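If you read the sequences in order, they're chains A and B.
The numbering used here numbers the first residue of the first sequence as 8 and each following residue consecutively.
The numbering used here numbers the first residue of the second sequence as 958 and each following residue consecutively.
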Amino acid sequence: MYGYQIAFNQPSYLLLLFLLPLLWLFSYRSLSGLGPVRRIFALGLRTLVLVLMICCLAEVQWQRASDRLTVFYLLDQSESIPRPTREAMLNYVMEEVRLHRRTSVDGQGGDRPGVIIFGREALIESPPFDDEIRTIGKLDSLIDLRTDATNIGAALKQAQASFPEDTAKRIVIISDGNENLGDAQTIARSLVEQGIGIDVVPIRLDSRSEIAVEAVRIPADIRRGTPSELRVIVNNYKEPTATDSGTVTGRVRLTMKQGQQEQLLAEVPATLPPGKTVLPFQHTIEAPSSYTFRADFVPDVAAEDFMQQNNSATAFTHVRGKGRVLLIEDWEHPGEFNRLVDALGKQNLEVEVMQSNRLYASLAELQGYDCVVLANLPRASGGAADDAASFSDEQVSMLVRNTEQMGCGIVMVGGDRSFGAGGWSNTELEKAMPVDFQIRNDKVKAVGALVMMMHASELAQGNYWQKVIGEEALKVLSPADYCGVIHWDDFTSKDDWLWKGGLTRIGNQQKSMLAAMQRMQPGDMPDFDPAMRKTYTALFNNPAAVKLAIVISDGDPSPPDPKTIRLFSAAKIPITTVAVGTHGPAGSTPLQQIASSTGGKYYVVTNAKALPRIFQIEARKVAKPLVFEPEGGLQPQIVDRSHEILNSIDSLPASRGFVMTTLKENPLVEVAIQSPKPANSPENSTYLATWTYGAGRTAVFTSDAGNKWNDEWMKWDGYEKFFSQMVRWAMRPVNQEGKFLVASEYKDGRVRVVINARDKEDEYLDNLNFNVVGSGPELETIRFPIKQEGPGRYVGDFPADEAGSYLLAISPGRDAEGNDYAPILSGVTVPYSSEYRERESNQALLLTLASLQPKGGEAGQVIEGDLANNSLEEMLKIDTFRPTLPKAISSHDAWPVFLLIAAGLFFGDVLVRRVQMHVAWIGTGLAHLWNRMRGREEVSADTRMDRLRSLKAKVGEELDTRRAATRFDPQADADVPQRSLDEALADAGAEGGAAPPPRPTTQQSGPHGPEENTYTERLLAAKKKAKKDLPKSDDNPT
Amino acid sequence: MERGATAQCEDRFYEFQDAFMLVPRQIQSLVVHSSVLLLLLACGCLSRSPSDQPPELIYGSRGQSDGKFFKPRAVAIDKEDHLYIVDMTARIQVFDRDGKFLRSWQTPDSTNGRPSGLAFDRQGNLRVADTHYFQVLAYTPQGELLEKLTVGGTCGFKPGEFQFVTDFVEDSQGNFYISQYGEFDRIQKFDKNGKFLLDWGAHGKEPGEFLRPQKMDIDEHDCVWIADAANHRVQVFDARGKQAKLIKIWGEEGHDIGQLRYPYDILLEGEFVYLCEFGNHRVQKFTRDGQSVAWWGRNGRKEGELDQPWGMVRDSRGRVHVLDSYNHRVQRFRL
């Protein structure tokens, strides 16, 4: 009815309806005294109440069916599709929506189109709105999309999660169907089960010229000083024709990268007939290190090669030598560790220095080193936004994986920009080290306070970046620190703190604070002053040692009162301002002035991705109290003389400071040196500690290497020995006992690893128990079994779907004497995603998806057309908003209404049973009305009044008589006729039913004369009489 | 002698009373209680404040197609009761007074930010405060850009230079006034040829200073009424001479009736001043001396509720159209 229907969420409760006959049975008897009409009425009400209550238990719902449609268009933006075709997809969608979208369906609003773009993952470009699709001519989300793979399944999932409940649902996939990630068919089957329809627009790829560099092959037994042959395999996919031999010419370049140095080995012309061509190159490796070889093909005629992404391939190899050390220093303080580098060099360690603004980009780059030294290195550093440098989460992860899985050592050397003071708290690196970088000891007053003021800028994705920034800054702070976020709350229309308490101690609330950040929706703050006043009050009253306010804005709120700025300045609370998308000098100048007046920093951000880095740098300032510089200095004390690092070191020079940390509570942690200060917290006074982390070792030296606190150490004889022993202790072990040749090859989506094992006498090594741990391109852990296939020959393989480097640390187990062999490093590079191999569209997959029939609806349609030439007429003939899908059912709970009605009816039931309503007056009233209408003579009002008054008097008399009868005045028993007990009891039970027996005639008297016997009195008399008769009955039981 | 009407009424009353006494007591009680309840409800209805009156009309919803809005920020009305509304997509859309979409166009560039003020000059051209480009643009009602009439375009503190421009008004002599905020919150006055005449104001809280003068209006004496938004007050200036004189100032910050929070729009109509409060989500009607006489709206999303309104106009039939900015719509009501 009217599109609504009733349904039950818990229909099993409807079985209770079988109780209705019981209700009728019992109620019919108990309501017998009401008379036939009232009894039926009460019974009806009671039945209704029970039915409604059962409906409530069964969770009755109103359901409304809707024919409105939500259509999600999934646009494949992967690179296997030519760019013009990708760009034309949006035009088609806009035209289709404009042409076929219904603006009103059943008076409930119109159809809703939405757009999802996908490649390696899927992103919502336009959520489903009751509106047309409009665009500024490009896809906004494309900037965040990785287009090097096709994952139709991810797009289907994204659509499924984004459909509104109250409409029918359809998906239109516009793709070449070259799926190389995910499983679209399985997901599509689950979608059609839910009634979601799928149409497809197949993109047909033309037959085209394509050249791909398939691999660079390096011999497995590559050795230092021995010439090796490297082979570059190039495939020409072009089909020869009668007029065209299909030969393509170009140049092949081969380069070699060692660390960050790249060298061109050869550049040769190449003539490539259709099919595979192998190009050999000779090269001799002179120094032990990790090497990455890269081959590139450049065609002479660009049109002869469709995709450029598959024109290069890389290969990785590692030649072992003596220990190599990578020392990473802060780029803002170059040369700070020259003394340490010299000292390690003198101890036969080869040290390479890397500055923090030119960091490694892959795990492969770290394979050439046996130990990484982080020397007084902050996580983020720099001044202005554009030159800010920082370790990304991925780079930190690579560093840790390199130790945990590849066995490389990490040594952290302290300084005022390291550990917690360097912003390394809550990172993966902290987990890998023997100490935590935060202080949890309340006795230590190393506390900072940070307030972040967020103003919603008109920057695209401004809210997203504000959340990222807030989270990054919060992570840098320790539980002892204070943090507050202030923003313009659209709901309350004022500047409010994000969490209760405003500037509060982080303690164990970090997770809830991060969750609050996620929910934050900063509004358009009209002026800065109220928020700044609040910030000032909170910071001024806070006990923290270091205080900082950070403002992020586009600069268009009204600037703050100069008095407010003077307050900050007087309290020495700096305000750092970050200008994002400011509207020229009018927006940026006030922000600049706020920063310069309070001693803060001013950043201009042109790339939103730089924002978290800035906040890491700034939040680091709040973590500064972790630096401990006691008056009079300190004398480090050796705690564990047996530690290898302290071998033949008996005493240590004095020091002037270190960075406080918290020792991990783990039996693997070894503390070698400790500071006697601060005396009340030995767990925070670690000077040198070590432990083993996974396959590698890590060590922390919390003081510096002589630049600020340890100038005495610089003069110390044991300086070189101490630091070289520390680095050597952490270094990756070197294998001298066995000869292992490892060959890794990528083929058909799998990497095959073959190991030939011999001992130093060249005898086969059998029955070795290999254990392999590796990292993939996304830093995912790789493990797979290796089995022996022949004498000294071991083989294993694993899937490799992603393009990039796969690095493996292979542990051969133990030798005959029970000593561990050192791990062997190996790796293979998958040059490019299979996305760049696809040359034809996968029509079969797309047709399968379209043929799936949604539950309750019709199967999808294949929309043919030529998107590349933007000829849309044919495509627009098919209406993607056609109503061939099951209607959407939206449910609303109806049980509260039912419960309310039941309550009302229950009241009616009580009313009917307890109140006897006279209806005679209705008849009189109607008669009166009828007479009036007929114009008949009525009884005069006065006469009726007299009659009413006399009636009232009569009723009054009767009431008086009854009241008098119920008085219990002492009086003599009146004579009553003899009655049996049964008769008496029958009287008592005949309430309003049978007529009472005729009363004995009593003498009427005046007000004080004997009154008429009441029913109770008569009942009592009958009982007395019955009692008198009882003995007689006892005597004669029969 | 015929009985009087009063006596007849009295008789009827007693007649009814007696008849009523005949019905059961419970029914009597029910009738009495229901009557009392109805009476209370009726009293409640009669005493409803203007704020509880539903809007006459709501139009627009979130979207980018014609007739929809994304945070509408400024509105102006012409003599034909056509409303010109600019939103955060920098589109200027034209509607009739019943919310029917007529046409739209886009400002030349909105990368830096969107316009936040609209007004008509005496020639019937639409003046657009292109806030983040430090200029005032001029359009014909059909949307043709009149480049020669553009004022400003340079960020600065000198005469004829601007910071964030918020509004434009013209007096009876053809002089026009442009308000701005930023480091230097001021009003600049130009003659009808665009020649700079004077300026006044500063960034601050003192009388005569401004914190975000968001909107202006001109009274019959050519005095300039200014919604001093972040100072939560109204300031009135007589700028007919060589210097602007502050002649009236009223308003205090607060949520109560009669108080203000971020008045973003001001409208003079007869003896009354209408203020659109961004921070209190309402439109409040004052006497010219600052006595509140009525108000409409409260925070919310339902009909008659507002979310951070930016602007309003009054049509020729005396109905107020308010930009319900964060609800992406316009509501029309009487106040």
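Cβ coordinates follow ideal geometry from the N, Cα and C atoms, glycine included.
It should be emphasised that the depicted structure is a prediction, and the values quoted were computed from it without experimental measurement.
Name the chain B residues that come within less than 8 Å of residue i, Cβ to Cβ?
{"i": "Thr584 (chain A)", "result": "None at all; the shortest Cβ gap to chain B is about 14 Å."}
{"i": "Ser111 (chain A)", "result": "The premise fails here: Ser111 (chain A) is roughly 13 Å from chain B at the closest Cβ pair, so nothing lies under 8 Å."}
Whose Cβ in chain A lies nearer than 8 Å to the Cβ of residue i?
{"i": "Ala1187 (chain B)", "result": "Pro533, Asp534, Asp536 and Ser565"}
{"i": "Lys1025 (chain B)", "result": "Asp138"}
{"i": "Phe1235 (chain B)", "result": "Ser500 and Pro533"}
Could you name the residues of chain A that residue i contacts, counting a contact when the two beta carbons are closer than 7 Å?
{"i": "Glu1140 (chain B)", "result": "Pro566, Thr596 and Pro597"}
{"i": "Leu1263 (chain B)", "result": "Within chain A, no residue comes near Leu1263 (chain B); the closest Cβ sits about 10 Å away, beyond 7 Å."}
{"i": "His1160 (chain B)", "result": "Pro566"}
{"i": "Tyr1283 (chain B)", "result": "Asp497"}
{"i": "His1168 (chain B)", "result": "Sequence check: residue 1168 (chain B) is Leu here, not His. Going along chain A in sequence order, the residues near Leu1168 (chain B) (Cβ under 7 Å) are Asp534 and Ser565."}
{"i": "Tyr1219 (chain B)", "result": "Pro533"}
{"i": "His1238 (chain B)", "result": "Ser500"}
To which residues of the same chain is residue i closer than 8 Å at the C-beta, ignoring the five residues directly before and after it?
{"i": "Pro171 (chain A)", "result": "Thr77, Arg119 and Pro135"}
{"i": "Asp1041 (chain A)", "result": "Residue placement at Asp1041 (chain A) is flagged as unreliable, the pLDDT there being 41, under the threshold of 50; a coordinate-derived value is accordingly withheld."}
{"i": "Phe15 (chain A)", "result": "Leu21, Cys62, Ala65, Glu66, Val67 and Gln68"}
{"i": "Leu59 (chain A)", "result": "Phe905, Leu906, Ile908, Ala909 and Leu912"}
{"i": "Ser169 (chain A)", "result": "Phe79, Gly121, Ile123, Ile131, Pro134 and Pro135"}
Within a Cβ cutoff of 7 Å, which residues of the same chain sit near residue i, ignoring the five residues on either side of it in sequence?
{"i": "Gly713 (chain A)", "result": "Arg346, Trp720 and Met721"}
{"i": "Pro91 (chain A)", "result": "Ala875"}
{"i": "Lys671 (chain A)", "result": "Pro441, Val442 and Asp443"}
{"i": "Gln1265 (chain B)", "result": "Phe1235, His1238, Ser1282 and Tyr1283"}
{"i": "Val403 (chain A)", "result": "Thr434, Glu435 and Leu436"}
{"i": "Arg1286 (chain B)", "result": "Ile1015, Tyr1016, Gly1017, Ser1018 and Phe1026"}
Enumerate in chain order the residues of its own chain whose CB-to-CB distance from residue i is below 6 Å, with the five nearest sequence positions on each side excluded.
{"i": "Gly872 (chain A)", "result": "Glu881 and Met882"}
{"i": "Lys554 (chain A)", "result": "Ala456, Leu546 and Ile580"}
{"i": "Gly1275 (chain B)", "result": "none"}
{"i": "Thr788 (chain A)", "result": "none"}
{"i": "Tyr11 (chain A)", "result": "Trp69 and Arg71"}
Measure the beta-carbon distance from residue i to residue j and round it to whole angstroms, keeping in mind my assumption that it falls under 8 Å.
{"i": "Gly491 (chain A)", "j": "Val458 (chain A)", "result": "5 Å"}
{"i": "Ala1159 (chain B)", "j": "Arg1169 (chain B)", "result": "Ala1159 (chain B) to Arg1169 (chain B), Cβ: 13 Å. No contact."}
{"i": "Leu81 (chain A)", "j": "Ala166 (chain A)", "result": "6 Å"}
{"i": "Asp1185 (chain B)", "j": "Val1193 (chain B)", "result": "With 8 Å as the limit, Asp1185 (chain B) and Val1193 (chain B) do not qualify as a contact, their Cβ atoms being about 10 Å apart."}
Name, in chain order, the residues that DSSP records as bridge partners for residue i.
{"i": "Ser953 (chain A)", "result": "Note that residue 953 (chain A) corresponds to Asp in the displayed sequence, not to Ser. Answer is none; Asp953 (chain A) lacks a bridge partner."}
{"i": "Asn778 (chain A)", "result": "A:Ser818"}
{"i": "Thr299 (chain A)", "result": "A:Lys264 and A:Phe323"}
{"i": "Asp1195 (chain B)", "result": "B:Lys1202"}
{"i": "Ala439 (chain A)", "result": "None; Ala439 (chain A) has no bridge partner."}
{"i": "Gln12 (chain A)", "result": "A:Gln70"}
{"i": "Tyr1219 (chain B)", "result": "DSSP output for Tyr1219 (chain B) lists no bridge partner at all."}
{"i": "Glu625 (chain A)", "result": "In the DSSP output, where bridge partners are listed per residue, Glu625 (chain A) has none listed."}
{"i": "Glu1234 (chain B)", "result": "B:Pro1220 and B:Arg1239"}
{"i": "Met419 (chain A)", "result": "A:Leu381 and A:Val707"}
What in chain A is Cβ-close to residue i, meaning under 9 Å?
{"i": "Phe1052 (chain B)", "result": "Those within 9 Å of Phe1052 (chain B) in chain A number zero; the least Cβ separation is about 17 Å."}
{"i": "Gly1198 (chain B)", "result": "Those within 9 Å of Gly1198 (chain B) in chain A number zero; the least Cβ separation is about 28 Å."}
{"i": "Phe1077 (chain B)", "result": "Near Phe1077 (chain B) there are no residues of chain A at all, since even the closest Cβ is about 25 Å away, more than 9 Å."}
With a threshold of 7 Å (Cβ to nearest heavy atom), would residue i be considered close to the ligand COA?
{"i": "Thr699 (chain A)", "result": "Summarising the ligand content, the structure contains no ligands, and the ligand COA is consequently not present."}
At which residue ranges does the region 189-251 of chain A contain complete beta strand (DSSP E) runs of 3 or more residues, listed in the order of the chain? 204-209, 218-224 and 234-243
Mind pulling the alpha helix (DSSP H) runs of 4 or more residues that sit fully within the region 81-165 of chain A? The alpha helix (DSSP H) runs lying completely inside the region 81-165 of chain A and spanning 4 residues or more are 90-107, given in chain order.
For the region 694-743 of chain A, list the beta strand (DSSP E) runs that are entirely contained and at least 3 residues long, ordered along the chain. 703-708
In chain order, which alpha helix (DSSP H) runs of at least 4 residues are fully inside the region 539-585 of chain A? Here the runs fully enclosed are 569-577.
For a minimum of 3 consecutive residues, which ranges assigned as the beta strand (DSSP E) are wholly contained in the region 751-775 of chain A? 757-766
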